[in-house]
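Protein sequences appear in the order of chains A and B. Quick note on numbering: my numbering labels position 154 of the first sequence as 183, and the sequence is numbered without any gaps. Quick note on numbering: my numbering labels position 329 of the second sequence as 334, and the sequence is numbered without any gaps. Even glycine gets a Cβ: it sits at the ideal position worked out from N, Cα and C.
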Amino acid sequence: MTNTRSLLETLSSLAGPSGFEAEVVRTAVELLKPLTDEAYVDVFGNAVGILRCGKPDAKRILFSAHLDEIGFIVTGAEEGFLRFAPIGSIDPRMLPGRELTIMTDPPTFGIITCLPPHVLSAEEMDRSFPMEDLRIDPGLSKEDVSKTIPVGTPAVYRAGFFSMGKDAVCGKAMDDRACFVAALLALEKLKGKAQEQDIVVLGSTREEIDHGGATVGTFSLDPDLCVAIDVTHAETPDGGPKHTDCVLGAGPAVAFGPNHTPWVRDRLFSLARQKEIPTQRIVMEGKSYTDGWEMQISREGIPTCVVSLPTRYMHTPMETISVQDIESLADLLAAFMEAPGWEGDCR
Amino acid sequence: MKELLRELCQVPGISGFEEEIRACIAEKIRPHVQDMKVDAVGNLIAWKAGRRKAKNELLITAHMDEVGFIVKRVDDKGYIRFAPIGGIDRRTVIGKKVLVGKARIPGAIGLRAYHLVSAKEEKIVPDMADLYIDIGATGKEDAQKLVQIGDEIVFDSDWVEFGNHRIKAKALDDRIGCAAMIRLIQSELPVDCTFVFSAQEEVGARGAFGAAFAIRPHIALVLEGTTAADLPELKEHRQVTRVGAGPVLGLMDRQTLYDRELFERLRALAEKHGIPWQTKRTIAGGTDASAIQTTASGVRVASISVPVRYIHTPSSTASLNDCEQLYVLAERFIETIANEKEDL
């Protein structure tokens, strides 16, 4: 039995911002290999694992969890400092004094600058630093900085993975490696069992930018049914009912809204009831901001549902998730992989 | 210096909660001093005999406390509400890892996800009182099993060597001074010296008052970490001090006018020994010298500081060269005290 925490630690500690996922994808393919019949990196850079049922004309279900994470890219040098732009959406308030891993070979350590209070007015002290005023400090001279860290070099949060309380873990890139871990755990549960359909797990890329990996991956894999597995906002003291109704530790969340084909969603809930897997109902009234948004309109349109893992502080270096929720999510995915029930069977 | 500094920075010791760092320092200096004691405020005071008795008694001091937080409340959902101890810019603590209480329970200072933040909100930094620490508790009772009101909270930050002789750690202000003093104590000194590892500097030089009053030195040398603001967006004159440009000699800060003769002495020493030096370009900050200078009938004060970028954050950085030069200059300064023939 795979240890969920250590698997998540391994995957989330790798650096892989959108467009620079190669190392994460390689690791993901290695992890998929023993659990599938075929695992490879596709032309776009996605990780793909296919578990075949061996039946002629078998239907195919595609599960997507993205392997990219938010990050930064160096856009220039100024004195001994680096200018940068965000990859994905990042709150500028998360950045002053932030430690980064700059993806040179070997990696370089850097800190995002912040002016000390001594040189700021009282008014300035109450405002956040706009992102364009921040730099990365790699502790280098003007002469060395561009040679060591050229323009175009990506970077990610330098964040340790740690346990918080009995069940929570905290770190970077839980979005969405925690969901990829759930998919691996689900595949593991299917091992040695006869299947009625082919199961494909896509470790997608560029989700944080435009869901590009899932867009092309879904086209080439041509599935009959899609499930996007991604994180969703769990409640925090400053993000309560006005912002989300989902809580940490109460199980995976299944969403209602236009991105979620009703019969697929109903099937997920009925499996959860049968197997006594805790789940939460959430609403995504419009865009789901997941791979599912693109998967649903791939080719002639594909039945799709989004299953979500509750996460606090998304897109920060301290994304917090519940290990129990990952395991419940894996249970739900495994149940669905085994018995998706096709449209005609579901009422 | 490096290994010693690394070890000192890892030890917690926020103002008023200096037990652990004090014990760590005491253990290192015990075999090398004639006497030492802990006073009522928590200062660690040590006496070391040198080759001769000083004409003008010298006190050397560095503060061992660091900035941090204290638990104010455990809220209904099990999050920790807190207040700062010492001057902390709240913008630098969001999303940082901390350790709560003596059991060092790991937690993170939260902020709701960016997706849920309006364009207006992202320009505003929440008040310290609205920030919270998530320790992964399932509720108030669960949290109260681990955390009590009044518990200390320290930054969790590892030691990193990077770039051009740079180091990153918490509490470089002022474990740099502490490390230099420990090295001085472990070496043979030309003259008797009193050393104070002071408590509560970060909340207003509280430890230095009593220590200086008890010792009544003629001269005090303060070894410190000081603000560096050498960032490209600031014009040179506003950069306070520059990392890697040598130790900072105390001329004037917000609280102290340093002794002019001692400043000149430090400057002459630095130039004689080829040690780069600088002064603060803006009059900012303060040190234990403010308390020491006006003790009893008055004390002549001097300071040598190392520039620290991102001071009072978990990721403070400094140059190892600056640290080494601070030590060498302090050593040379002690020699001049040993060679003094008359009362100042």
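Under a Cβ-count criterion, where at least 16 other Cβ atoms within 10 Å of its own Cβ denotes burial, should residue i be classed as buried or exposed?
i	result
residue 69 of chain A	exposed
residue 245 of chain B	buried
residue 317 of chain A	buried
residue 267 of chain A	buried
residue 49 of chain A	buried
residue 328 of chain A	exposed
residue 124 of chain B	exposed
residue 155 of chain B	exposed
residue 137 of chain A	buried
residue 95 of chain A	buried
residue 376 of chain A	Because residue 376 of chain A sits at a pLDDT of 45, beneath the cut-off of 50, its placement in the model cannot be relied upon, and the point is left open.
residue 48 of chain B	buried
residue 363 of chain A	buried
residue 205 of chain B	buried
residue 72 of chain B	buried
Going by Cα to Cα distance, which pick from the options is closest to residue i?
i	options	result
residue 218 of chain B	B:18, B:194, B:44 and B:154	B:44
residue 95 of chain B	B:165, B:131 and B:125	B:131
residue 354 of chain B	B:50, B:267 and B:25	Coverage of chain B is limited to positions 6 through 349, which leaves residue 354 of chain B absent and any answer about it impossible.
residue 229 of chain B	B:184, B:166 and B:193	B:184
residue 305 of chain B	B:208, B:154, B:98 and B:294	B:294
residue 69 of chain B	B:38, B:62, B:334 and B:227	B:227
residue 60 of chain B	B:232, B:198 and B:101	B:198
residue 85 of chain B	B:32, B:153, B:40 and B:325	B:153
residue 195 of chain A	B:187, B:139 and B:172	B:139
residue 252 of chain A	A:46, A:231, A:347 and A:191	A:231
residue 169 of chain A	A:186, A:107, A:193 and A:214	A:107
residue 288 of chain A	A:153, A:128, A:160 and A:334	A:334
residue 157 of chain B	B:101, B:216, B:221 and B:89	B:89
residue 220 of chain A	A:165, A:242 and A:62	A:62
residue 114 of chain B	B:251, B:200, B:135 and B:331	B:135
residue 4 of chain B	B:188, B:324 and B:102	Only positions 6 to 349 of chain B appear in this structure, which leaves residue 4 of chain B out of reach.
Which residue comes first and which comes last in the alpha helix (DSSP H) that contains residue i?
i	result
residue 332 of chain B	325 to 343
residue 22 of chain B	It is not in any alpha helix (DSSP H) - residue 22 of chain B carries neither H nor E in the DSSP assignment.
residue 51 of chain A	51 to 61
residue 366 of chain A	352 to 367
residue 218 of chain A	203 to 219
residue 74 of chain B	Run containing residue 74 of chain B: none in the alpha helix (DSSP H); it sits in the beta strand (DSSP E), 73 to 79.
residue 350 of chain B	Residue coverage of chain B in this structure runs from 6 to 349, which leaves residue 350 of chain B outside it and unanswerable.
residue 276 of chain A	It is not in any alpha helix (DSSP H) - residue 276 of chain A carries neither H nor E in the DSSP assignment.
residue 6 of chain A	Lying before the first or after the last residue shown, residue 6 of chain A is absent from chain A, which here runs from 30 to 376.
Let me see if you follow: with CB-CB separation under 8 angstroms, is residue i close to chain B or not?
i	result
residue 184 of chain A	no
residue 128 of chain A	yes
residue 104 of chain A	no
residue 311 of chain A	no
residue 275 of chain A	no
residue 140 of chain A	yes
residue 148 of chain A	yes
residue 253 of chain A	no
residue 164 of chain A	yes
residue 93 of chain A	no
residue 377 of chain A	Chain A is shown only over 30 to 376; residue 377 of chain A falls outside these bounds and no answer can be derived.
residue 89 of chain A	no
residue 119 of chain A	yes
residue 378 of chain A	Look at the range of chain A in this structure, 30 to 376, and you will see that residue 378 of chain A is not part of it.
For chain A, check one thing: does any of its Cβ atoms lie closer than 8 angstroms to the Cβ of residue i?
i	result
residue 293 of chain B	no
residue 120 of chain B	yes
residue 290 of chain B	yes
residue 140 of chain B	yes
residue 169 of chain B	yes
residue 127 of chain B	yes
Which stretch, first to last residue, makes up the beta strand (DSSP E) that contains residue i?
i	result
residue 139 of chain A	137 to 141
residue 309 of chain A	309 to 312
residue 104 of chain A	100 to 107
residue 52 of chain B	49 to 53
residue 184 of chain A	183 to 186
residue 259 of chain A	254 to 262
residue 198 of chain B	198 to 203
residue 228 of chain B	224 to 232
residue 69 of chain B	Per DSSP, residue 69 of chain B belongs to no beta strand (DSSP E) and is neither H nor E.
Can you tell me the Cβ-Cβ gap for residue i and residue j, rounded? I've got them flagged as a contact below 8 angstroms.
i	j	result
residue 99 of chain B	residue 116 of chain B	5 angstroms
residue 109 of chain A	residue 174 of chain A	5 angstroms
residue 243 of chain A	residue 324 of chain A	6 angstroms
For residue i, go through chain C and note every residue whose CB falls closer than 7 angstroms to its CB, in chain order.
i	result
residue 320 of chain B	In summary, chain C is missing from the structure at hand, where the protein chains are A and B.
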